[in-house]
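Written out below as structure tokens is the structure these notes cover.
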Amino acid sequence: MPEPAIHVADLRKTFTVPVREGGFLAAVRSFVRRQHREVHAVSGVSFEIAPGEVVGFLGPNGAGKTTTLKMLSGLLYPTSGEVRVLGHVPSRREAAYLRQITMVMGNRNQLQWDLPALDSYELLRAIYRLHPDDFRKTRDEFIELLDLGDLVRKPVRNLSLGERMKVETAAALLHRPQVLFLDEPTIGLDVTMQKRIRSFVAEYNRRCGATVLLTSHYMADVQALCKRVIVIHHGRILFDGELATLAADFSADKTIAVTLKEGAPERIDFAPYGEVLGSEDGKVSIRVGRGRAPDVAGRLLHDLPVADLTIEDPPIEDVIESVFAGASAEAPERTPEPAATR
Amino acid sequence: MNATPIRLVSPLRGLVDVYLQEMKIAVAQQIQYRAANYMYMLGMVAEPVVYLVVWQTVAAQQGGSVAGITAGQFAAYYIVWTLVRNINIVFTPYGWEERIREGRLSAQLLRPLFPIVEDLGFFLGWKPVVMLLWLPIAFFLALIFHPVLNPSPLAVAVFAVSLLGAYLIRSLNQSSLGLITFWTTRVGPVFQLYIAAELLLSGRLVPMQLMPAWVQTLANFLPFQWTFGFPIEALVGNLSTAQLLGGLLAQLFWIVIGSILVRVVWRFAVRRYSAVSG
Chain W
1 MPEPAIHVAD
11 LRKTFTVPVR
21 EGGFLAAVRS
31 FVRRQHREVH
41 AVSGVSFEIA
51 PGEVVGFLGP
61 NGAGKTTTLK
71 MLSGLLYPTS
81 GEVRVLGHVP
91 SRREAAYLRQ
101 ITMVMGNRNQ
111 LQWDLPALDS
121 YELLRAIYRL
131 HPDDFRKTRD
141 EFIELLDLGD
151 LVRKPVRNLS
161 LGERMKVETA
171 AALLHRPQVL
181 FLDEPTIGLD
191 VTMQKRIRSF
201 VAEYNRRCGA
211 TVLLTSHYMA
221 DVQALCKRVI
231 VIHHGRILFD
241 GELATLAADF
251 SADKTIAVTL
261 KEGAPERIDF
271 APYGEVLGSE
281 DGKVSIRVGR
291 GRAPDVAGRL
301 LHDLPVADLT
311 IEDPPIEDVI
321 ESVFAGASAE
331 APERTPEPAA
341 TR
Chain U
343 MNATPIRLVS
353 PLRGLVDVYL
363 QEMKIAVAQQ
373 IQYRAANYMY
383 MLGMVAEPVV
393 YLVVWQTVAA
403 QQGGSVAGIT
413 AGQFAAYYIV
423 WTLVRNINIV
433 FTPYGWEERI
443 REGRLSAQLL
453 RPLFPIVEDL
463 GFFLGWKPVV
473 MLLWLPIAFF
483 LALIFHPVLN
493 PSPLAVAVFA
503 VSLLGAYLIR
513 SLNQSSLGLI
523 TFWTTRVGPV
533 FQLYIAAELL
543 LSGRLVPMQL
553 MPAWVQTLAN
563 FLPFQWTFGF
573 PIEALVGNLS
583 TAQLLGGLLA
593 QLFWIVIGSI
603 LVRVVWRFAV
613 RRYSAVSG
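Residue numbers (the numbering used here), protein chains in the order written: chain W, 1 to 342; chain U, 343 to 620.
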């Protein structure tokens, strides 16, 4: 079995943050006696990712996704636990390690604002010590793949958000990293631009065999790129496995969509078959228990003049939502008492 | 694009390349905002002109000189001051504060390069443009205040090298101060204290020879005078060869101390980086 590209064992990160009530008296009190509390952003996360694998890292805001990515990239020191990426300990921030990774943060800008992206690319070439011939080849391929054209010759400040994200993404990969940490790489982009970034990441993964860990609130990103997902909530992993099995594990229901033949009676009561979710253009959606789906489908085909019938898992967004909802209901109270005063 | 590892150039070539690229970018930005930058430089001339007018007035009232410095020598001191001050513009602790507080340091930390190297290269890149912009200002000031200076070729050479030394010492000092932000979030008060000490102990406010003896002694043990007083005196002060070369050695000493300080503080500081919004 090959050495995993990313190995994480019992990783934890706790922040100590100041707390105080609002108001003047509280401000005076905090001047004399500052109170702090501990926030457990990541609470014992463990997983491994094989070389070349593309994994979606899902969770609601504040779940611990970005904190984990920052520890993996060496931006944050873990409070405890073990992390190895490509055999390196990220927190040591060795140049040999940083040369093999990248982190794309959707709302961040690493390009020179006033200058064309080509100038920033040249600076990155120098910083990463890239051989000029290899650099030019990679740069030109990216320009073509991302359809950058003349965008790289315009000052970055004149680019739209989508255009800027494209040139940013190219900048982040110019040194051809082996591990990509993508934190909301398509945030704020229109559908076309999201698609372009997704296909670029997929192509990069295919050509370079790079390992990708992706966080995104857009399920389309995850569905297009990731076979495997890790779901994190309140700093703990809730699910780690195939995206396809996520629905089976967490959704107790299936959706049956039925279209009746022309001339079928207009008023049919579907309630005996399951919960009617809606009806549109002659197509009726019914929610039924996962175990009852084949039986209900059989009855529908027997009882009614069916033109078309499909049995589907609920939309992945709904499944994820139900995972988080279930976890929130079970989660312990997460507002510990002030841990220290100083 | 394929899985074949990309080839790297040697570390030395890479470092030289970083400086060249940073300088190129700095020059391009300077040129882009040339009018704003020129106004900034003009604004900066106000400070030495005030000092110069005051000291020339005092000199005139005391029969032509103060502690042996004539009105013409004061003019030379403060006109050269304007160049040294501009060369001494470095990435400030306020810049560090903003960079850390807003999480912008994250992008730099992800790169295989010590961030201070980038800053040094970028600000060094300004300097050729600054020198060009300074020439007409110096010419104009010389017409008004009639400076007197007779530097030897060695003094000119030492002056040129000392400008780089001053720039490096000030950069390293201010970077060390800036790193305090990792602990305090705000660094303004500490920086103000630094500037106050610099004004008094560097020759920035007045030439060091006008200061009391104990202040001059104290200044000998601190880095400040090697960033202002020494480069200026090297050109206008008729220093002996021993003083000129000794000054360069002192600069080298403070560069080494500053480099070690930055490295040590950085090692502890970066562990505290929480990249709140980055």
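For glycine and all other residues, C-beta sits at the position ideal for the given N, C-alpha and C.
- Scanning its chain for C-beta atoms nearer than 8 Å, with the 5 sequence neighbours on each side dropped, one finds around L466 (chain U) the residues Y361, E364, M365, A368, Y509, in chain order.
- Shown here for R287 (chain W): same chain residues with a beta carbon closer than 7 Å to its own, the five before and five after excluded, namely D253, T255, G274, E275, L277 in chain order.
- Straight through space, the alpha carbons of P531 (chain U) and L485 (chain U) are spaced by roughly 39 Å.
- Contact of M71 (chain W) with chain U by beta-carbon distance below 7 Å is absent, the smallest such distance being about 10 Å.
- Between G414 (chain U) and H488 (chain U), the C-beta gap is smaller than 8 Å, which places the two residues in contact.
- Look at the stretch 421-449 of chain U: the residues with a C-beta under 7 Å from a C-beta of chain W are S448, A449.
- A distance below 6 Å between beta-carbons, with the five flanking residues on each side excluded, links G520 (chain U) to the following residues of its chain, in chain order: P435, W438.
- For I127 (chain W), a Cβ of chain U is located within less than 8 Å of the residue's own Cβ.
- Rounded to whole angstroms, the separation of the alpha carbons of L354 (chain U) and T526 (chain U) is 35 Å.
- In the three-state scheme derived from DSSP, where H, G and I count as helix and E and B as strand, I522 (chain U) is classed as coil.
- Contact note: A95 (chain W) reaches chain U through P454, using a C-beta cutoff of 7 Å and chain order.
- Shown here for K261 (chain W): same chain residues with a beta carbon closer than 6 Å to its own, the five before and five after excluded, namely P305, A307 in chain order.
- The beta carbon of A63 (chain W) sits closer than 6 Å to those of I232, H233, all from its chain and outside the five residues before and after it, given in chain order.
- Just measuring C-alpha positions, the residue of W:R37, W:E48, W:R33 sitting nearest V19 (chain W) is W:R37.
- Three or more pairs of CB atoms, one per stretch, sit closer than 8 Å, so the stretch 138-147 of chain W contacts the stretch 166-180 of chain W.
- Contact of L130 (chain W) with chain U is assigned, a C-beta pair being separated by under 8 Å.
- Residue contact check for E184 (chain W) against chain U: no CB pair falls below 8 Å.
- In this structure, the straight-line span from the alpha carbon of R376 (chain U) to that of V503 (chain U) is close to 26 Å.
- When the Cα atoms are used, A202 (chain W) and V45 (chain W) turn out to be separated by approximately 26 Å.
- Secondary structure at S494 (chain U): coil, using DSSP grouped into helix, strand and coil.
- No Cβ of chain W is located within less than 8 Å of the beta carbon of V606 (chain U).
- Here K137 (chain W) is exposed: its Cβ has fewer than 16 other Cβ atoms, across all protein chains shown, within 10 Å.
- Beta-bridge analysis with DSSP links I101 (chain W) to W:V179.
- Between S494 (chain U) and D461 (chain U), the CB-CB gap reaches or exceeds 8 Å.
- Its chain contains A257, T259 as the residues whose beta carbon lies nearer than 6 Å to that of K283 (chain W), once the 5 sequence neighbours on both sides are disregarded; these appear in chain order.
- For G209 (chain W), same chain residues with a beta-carbon under 6 Å away, outside a window of 5 residues either side, are G52 in chain order.
- The Cβ of R613 (chain U) sits closer than 8 Å to at least one Cβ of chain W.
- The beta carbon of E163 (chain W) sits closer than 6 Å to the beta carbons of L151 from its chain, once the five residues preceding and following it are set aside; these are given in chain order.
- Residue pairing by DSSP puts K254 (chain W) in a beta bridge opposite W:V288.
- A check of alpha carbon separations from V578 (chain U) across U:A592, U:F533, U:L475, U:A499 identifies U:A499 as the nearest.
- Rounded to the nearest whole angstrom, the C-alpha separation of Y128 (chain W) and P565 (chain U) is 34 Å.
- In this chain, S160 (chain W) is not harboured by any beta strand (DSSP E), its DSSP state being neither H nor E.
- Here the alpha carbon of I429 (chain U) sits roughly 45 Å from the alpha carbon of L213 (chain W).
- Contact with chain W is absent for P457 (chain U), since none of that chain's Cβ atoms lies less than 8 Å from the residue's Cβ.
- At a C-beta separation below 7 Å, Q372 (chain U) has no neighbours in chain W, since its nearest C-beta there lies roughly 10 Å away.
- Look at the stretch 199-248 of chain W and you find these whole runs of beta strand (DSSP E), each 3 residues long or longer: 211-215, 228-233, 236-242.
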